[in-house]
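What follows is a short report on a single structure.
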Amino acid sequence: MGIEIGLAVNPEKIDNEQWQNCYLKTLKLIADYPAMTLKSESHLGEKRFVLTSEVEKNINDLKRRHWSICGNIENNTRAETFSLYYNLDHYDTWSSYDNDDILSKVLKENSL
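Residue numbers in the sequence shown follow the numbering used here, run continuously in steps of one, and reach 113 at the last position.
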């Protein structure tokens, strides 16, 4: 059994302060789970990727601050990477997408 995380964000309807508080709460949740992520480091002049339990990145850069998880470090189980950003501006606004119902659009086009 594992944890599956999914997210749909409509930043136009979320207060920045509420979002940042939510982000901080997710960090507390993650702290109770043996999460891991990849990070790059230099070793003997070569760049390499290593697994780490330090899932929060760019802590001092509020525009880029986020956490990222790609699995469980205790048993080295890996999965698709999931990230959550502290800055709500990272997420596109829903109004920037064409939100028309695809089925409705096809029906209209075929009824002409």
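Backbone N, C-alpha and C define an ideal beta-carbon position, used for all residues, glycine too.
Distance between beta carbons of residue j and residue i, contact taken as under 8 Å
i     : j     : result
Lys58 : His67 : 6 Å
Candidates the options, of which the one nearest residue i by Cα
i     : options                       : result
Ser69 : Thr27, Asn17, Ile15, Pro12    : Thr27
Leu8  : Leu25, Gly72, Val51, Ser84    : Ser84
Glu13 : Tyr92, Lys109, Leu108, Val107 : Tyr92
DSSP-derived helix/strand/coil call for residue i
i      : result
Ile70  : strand
Val114 : Past the boundaries of the shown model lies residue 114; the chain is included only from 2 to 113, so the question cannot be answered.
Thr94  : coil
Ala36  : strand
Val10  : coil
Leu108 : helix
Between the CA atoms of residue j and residue i - distance to the nearest angstrom
i     : j      : result
Gln19 : Asn111 : 44 Å
Ala36 : Asn61  : 21 Å
Asn17 : Lys40  : 28 Å
Residue i: CB within 7 Å of a non-hydrogen atom of the ligand SAH
i     : result
Asp33 : In the structure shown, the ligand SAH is absent, as is every other ligand, since no ligand is present at all.
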